[in-house]
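Heads up: the protein sequence lines correspond to chains A and B, in order.
Quick note on the numbering used here: the first sequence kicks off at 117 and runs consecutively.
Quick note on the numbering used here: the second sequence kicks off at 117 and runs consecutively.
Just so you know, even glycine gets a beta-carbon here, dropped at the ideal spot from N, CA and C.
The structure presented is a predicted model; accordingly, all values stated were derived computationally and were not measured.
Structure, as C-alpha cells:
Number of protein chains: 2
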Amino acid sequence: MAASLQENNPLETDVEAIEHVMLQLGWATHRQLHQELAEFNLTVSQFAAMRALQGFDEGSTMSELAEAARQISATMTGIVDRLVESEIVTRQRDPGDRRTLRVSLTEKGVGLLEKVKEKKRVQLRQFLEGISPTERKIFVRVIGKYLDVVYG
Amino acid sequence: MAASLQENNPLETDVEAIEHVMLQLGWATHRQLHQELAEFNLTVSQFAAMRALQGFDEGSTMSELAEAARQISATMTGIVDRLVESEIVTRQRDPGDRRTLRVSLTEKGVGLLEKVKEKKRVQLRQFLEGISPTERKIFVRVIGKYLDVVYG
DNA sequence: TATTGTTATACTCTATAACTATA
DNA sequence: TATAGTTATAGAGTATAACAATA
C-alpha cells in the first residue's frame with residue numbers, strides 16, 4: 117500500500133528521501149562542527165552567539181542576542197559569561213539605560229570568528245567545485261526556502 | 117578588493133552565500149529540533165541514537181551504536197541509560213560474548229520514532245510543495261554530495 | 001594481553017522559577 | 001509597576017582517563 121501510494125505520488129517519495137537526508141545533515145553538521153570548534157576552544161552555542169553578534173554594529177543587548185541566537189536570556193547569560201572570560205566579547209552597561217547591557221565582539225573575537233569561517237570555506241569550495249553553477253544557484257535558493265518554511 | 121575578487125570569481129561568491137546559509141541551517145535545524153523533541157521528552161542526541169538503531173535489525177552493540185550516532189562509547193552509555201529508563205530501548209548481554217551488549221528499540225521506541233518523523237514530514241511536504249520537481253531532484257542530489265564531501 | 005563497555009570527573013548547555021536593579 | 005538581566009537549581013550531554021569484566 118505504501119508502495120502504490122509512492123508510485124502514484126512522487127511528492128511522497130521525495131518527502132521520505134529528503135526527510136532522511138535532512139535529519140542526517142542536521143546531526144552530522146552539528147557533530148562535525150562541535151568537533152572542529154573544540155580545536156578553537158569554542159562550543160557550538162558560543163559560535164552561534166558570535167555569529168549573531170556580527171549583525172550588530174553598535175553592540176547587541178542581551179535580549180537581542182538571545183533572540184538572534186535562538187536562546188532564552190538566562191541561557192545566554194552563561195554563554196556570554198564564558199565568552200567574556202575568554203576575551204572574545206565585552207559586556208558593558210549602557211549609560212543611557214543602566215538596566216541594559218551592550219555585548220560586542222572584541223578584536224580577538226572577530227579574528228577567531230574569521231579563522232573558523234575560513235576553515236569551513238575550505239570544505240565548501242571542495243563541495244562547490246563538484247557541482248555545476250546551475251546546481252549551486254538552485255541549491256542556495258532552495259535552502260533559503262527551506263529556512264523560510266521550517267523556521268520562518 | 118574583496119568585491120573585485122568576487123566579481124571575477126563566481127565560485128567565491130557562492131562560497132560566501134552558502135557558508136552563511138549552511139551555518140544558519142545547521143543551527144536553526146538544531147534548535148528547532150531540540151524544541152520539538154522536548155514535547156516528546158526526548159533530546160536531540162537521544163533521537164540521533166534512536167535513528168541509528170533503525171539500521172540494526174539484530175540489535176546494535178554499544179560500539180556500533182556510538183559510531184553510527186557519532187559519539188564515543190562513554191557518552192553513549194549515558195544516553196542509552198536514559199533511553200532504557202524511558203523504555204525506548206532494551207540493552208541485553210550477548211550470550212555468545214558476555215562483554216558485548218545488544219541495544220534494540222522497543223515497540224514503544226519504534227512508535228515514538230515514527231511519531232516524531234511524521235511530524236517532521238508535515239513541514240517537509242509544505243516546503244516541497246513550494247518548489248518544482250526538478251528543484252527537488254537537484255536538491256536531494258546536491259545535499260547527498262555535500263554529505264559526502266563534508267562528512268565523507 | 002586485548003577487547004567491550006562502564007565509572008569518575010569536570011565542564012557546558014538548557015529551561016524554569018525566583019530574584020535584583022533600574023526605569 | 002514594568003523591564004532588563006542574573007542567579008539558583010536540576011538534568012542532560014560531552015570528552016578524558018581510569019577501571020572492571022570477559023575473551
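- For L199 of chain A, the closest C-alpha among the options A:A182, A:Q162, A:L169, A:V226 is that of A:Q162.
- DSSP, reduced to helix, strand and coil, places Q187 of chain A outside both helices and strands of the structure shown, so it counts as coil.
- Taking A182 of chain B as the centre and dropping the five residues before and after it, the same chain places the C-beta of I188, S189, T191, M192 closer than 8 Å to its C-beta, in chain order.
- With the rule of 3 Cβ pairs closer than 8 Å, the segment 163 to 178 of chain B counts as touching the segment 216 to 229 of chain B.
- No residue range can be given for R215 of chain A, since it is assigned to no alpha helix (DSSP H) and is classified by DSSP as neither H nor E.
- Each residue's CA atom was taken as its position, placing V160 of chain B and L153 of chain B some 7 Å apart.
- The DSSP-derived three-state label of S176 of chain B is strand.
- Residues of the same chain with a CB within less than 8 Å of the CB of E180 of chain B, apart from the 5 flanking positions on each side, are F172 in chain order.
- Not one beta carbon of chain B lies nearer than 8 Å to the beta carbon of P211 of chain A.
- R198 of chain A is outside the set of residues whose beta carbon lies under 8 Å from a beta carbon in chain B.
- Not one beta carbon of chain B lies nearer than 8 Å to the beta carbon of L169 of chain A.
- Residue pairing by DSSP puts S220 of chain B in a beta bridge opposite B:T206.
- Counting the other CB atoms within 10 Å of its CB gives H136 of chain B a total below 16, which places it among the exposed residues.
- Under the three-state reduction of DSSP output, I195 of chain A falls in the helix class.
- Around the beta carbon of T250 of chain A, a 10 Å sphere encloses fewer than 16 other beta carbons of the protein chains shown; the residue is thus reported as exposed.
- A residue is called buried when at least 16 other Cβ atoms come within 10 angstroms of its Cβ; L127 of chain A does not meet this threshold and is exposed.
- DSSP places T159 of chain B outside both helix and strand once states are collapsed to three, so it counts as coil.
- Counting only Cβ-Cβ distances below 7 Å, T145 of chain A has contacts in chain B at G142, in chain order.
- Put simply, of B:V266, B:R214, B:K231, B:P211 the residue whose alpha carbon is nearest the alpha carbon of Q239 of chain A is B:V266.
- G246 of chain A has a beta carbon lying within less than 8 Å of a beta carbon in chain B.
- Membership of G246 of chain B in any alpha helix (DSSP H) is not indicated, and neither H nor E is assigned to it by DSSP.
- Those residues of the segment 226 to 243 of chain B placed with their C-beta closer than 7 Å to a C-beta in chain A are K233, K236, R237, Q239, L240, R241, Q242, F243, ordered along the chain.
- Taking 8 Å as the threshold, the shortest C-beta distance from A182 of chain B to chain A does not fall below it.
- Chain-ordered listing is empty here: chain B has no CB closer than 7 Å to the CB of E155 of chain A, the nearest sitting near 16 Å.
- Distance between E132 of chain A and R237 of chain B, taken at the CA atoms: about 8 Å.
- The C-beta separation of I259 of chain A from L141 of chain B comes to about 6 Å, placing the pair in contact by the 8 Å criterion.
- The Cβ-Cβ distance between L244 of chain A and D264 of chain B does not fall below 8 Å.
- C-alpha of K235 of chain A to C-alpha of R209 of chain B: approximately 43 Å in a straight line.
- Taking C-beta separations shorter than 8 Å and ignoring five residues to either side along the sequence, the partners of N157 of chain B in its chain run S202, following chain order.
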